[in-house]
Structure formats: C-alpha cells, structure tokens
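The structure appears below as structure tokens.
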Amino acid sequence: MILEDLHALPSAPLTIAEGTPITPQVVADLSCAVWLIPTPEVQQGRLAERDLLPGVRELYTHLGEEIIAQVEKHEGRTLPIDGSPSVEEITAEVEGMFANALVEGPRATTAAERREMLRYANRSFVSQYLTFFTRPWAQELGDTRDVVIPFLCECADWRCQEHVDLAVADFREPPNEASPAVLAPGHQDEVSR
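Heads up, the sequence shown is in the numbering used here, so the first residue is 1 and it goes up one at a time.
See the structure below:
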C-alpha cells in the first residue's frame, strides 16, 4: 500500500518516504535511501517509555532486527542513532547524504506549491483516521471527535515547523484551495498575502 500511495503522488516535488515497512526490497534505487538504525540501547529505552501491550515490545525488537538484517543483506546505507546527536544534527546529516538530489530537485518553490503539499499531508492524516474508524472493533475506541492529532501548519512559510492540535472531526472538509488554511497561532497565510 505504501508503494501504491507513493506512485499516486505527482512526480514533483521530491518526496521523502519513511516508515518501518520501507525495506530494501521496495526501494528501486538504494542510493536514494538511508535507514536510521537505533542502537539496541536507544531502541529499548524508547520502547520502555511507551505504554505498550504485552508482547508489543518484543515484536518491535524483532522487527528492528529483521530490518537491520535486510538492509545489511542488500548493502543499504545506514545512519546509526546512538542517542547523542540531536534531531537537528541527524537532519543535517541526512540532508548532506542527499545534497545532490535535493539541489537537482524538483522542489516546491512557491508558497502555493508548499501549501499544496501541506494540505495533502493533512488530508492523508484525516483519511488514515477515517479509514481506521470504519473498522467495527475500532468504534469501541471512540470516534474522530475524540482523536486530537497535530496537523501541519499550512502557512506555507518554508521555515515553519509548527503544528496545530485539532480533533480529526474538526479538520475542514473538503480541504481544498478555497478552504481557509490551518494556521498555528500568530502565523499568517503566505499564499493569500
């Protein structure tokens, strides 16, 4: 399904796909991929911080070991995460690994193009939750009025990293070009300016 979602995206701008199911077998060009591999201590520390059901910690541990084995088998590029570098430092290192691809683009260069990407991401969040709550067993957990998630601020300023906490049910439908932007407090709509 991840591959179907990626193939459904337009060819521009560049897309970064991340997630546990992205293994070397689904990557067409391994030079365009890197796997961030936490050390066992980092992984176990992060899992210990979560309120996991019995057996889930073991499942994640096994899954991590399997991903490492697959990446090594296919000689994929890795970036070890030992907990010492900050998120910003890791981001800078990954950007350095992909510097040529990022320069070559294509990239979203206008506020309207950036807004389109942000809205696509926010719509994807809504779609995922709506799909989840169609399952009969999920309805016991509540509904989209009960689920508050951090949506991306749609101000379209390239420096913005803010989020807006909204109930999934409160996200404006249908979010399109005519819909008001989801804005973090104090942010202005760069597209309408």
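Even for Gly, the Cβ is constructed at its ideal location relative to N, Cα and C.
(1) What residue ranges within the segment 23-97 form continuous alpha helix (DSSP H) runs of no fewer than 4 residues, ordered along the chain?
(2) So, is residue 168 buried or exposed, given that buried needs 16 or more other C-beta atoms within 10 angstroms?
(3) If you draw a straight line from the alpha carbon of residue 14 to that of residue 52, how long is it in whole angstroms?
(4) Let me check one thing: in DSSP terms, what residues is residue 16 bridge-paired to?
(5) Inspect the beta-carbon positions of residue 155 and residue 181 and report whether they are closer than 8 Å.
(6) With a cut-off of 8 Å on the beta carbons, I'd call residue 93 and residue 102 a contact; round off their distance for me.
(7) With a threshold of 16 other CB atoms inside 10 Å of the CB of residue 152, please say whether the residue is buried or exposed.
(8) Out of curiosity, what's the CA-to-CA distance linking residue 61 and residue 30?
(9) Throw me the rounded Cβ distance for the residue 133 and residue 143 pair, which I believe falls under 8 Å.
(10) My understanding is that residue 35 touches residue 67, with C-beta atoms under 8 Å, so please give their C-beta distance in whole angstroms.
By the coordinates alone:
(1) You should have 40-48, 56-73 and 87-97.
(2) Reading the sequence shown from its first residue, position 168 is the one you call residue 168. The residue in question, residue 168, is buried, as its Cβ has 16 or more Cβ neighbours within 10 Å.
(3) By 1-based counting over the sequence shown, the position of residue 14 is 14. By 1-based counting over the sequence shown, the position of residue 52 is 52. Cα to Cα, the separation comes out at about 35 Å.
(4) Taking the sequence shown and counting its residues from 1, one reaches residue 16 at position 16. In the DSSP output, where bridge partners are listed per residue, residue 16 has none listed.
(5) Residue mapping note: residue 155 aligns to position 155 of the sequence shown, counting from 1. Residue mapping note: residue 181 aligns to position 181 of the sequence shown, counting from 1. Yes, the Cβ-Cβ distance between residue 155 and residue 181 is below 8 Å.
(6) Your numbering for residue 93 matches position 93 in the sequence shown. Your numbering for residue 102 matches position 102 in the sequence shown. The pair is not a contact, with the Cβ atoms about 13 Å apart (cut-off 8 Å).
(7) On the sequence shown, position 152 is the one that residue 152 refers to. Under this definition residue 152 is a buried residue.
(8) For this step, residue 61 is matched to residue 61 along the sequence shown. For this step, residue 30 is matched to residue 30 along the sequence shown. Going by the C-alpha atoms only, they are around 24 Å apart.
(9) Residue mapping note: residue 133 aligns to position 133 of the sequence shown, counting from 1. Residue mapping note: residue 143 aligns to position 143 of the sequence shown, counting from 1. Between residue 143 and residue 133 the Cβ distance is about 6 Å, and since that is below 8 Å, they are a contact.
(10) For the purposes of this step, residue 35 is taken as the residue at position 35 of the sequence shown. For the purposes of this step, residue 67 is taken as the residue at position 67 of the sequence shown. Their Cβ separation, rounded to whole angstroms, is 7 Å, which keeps residue 35 and residue 67 in contact under 8 Å.
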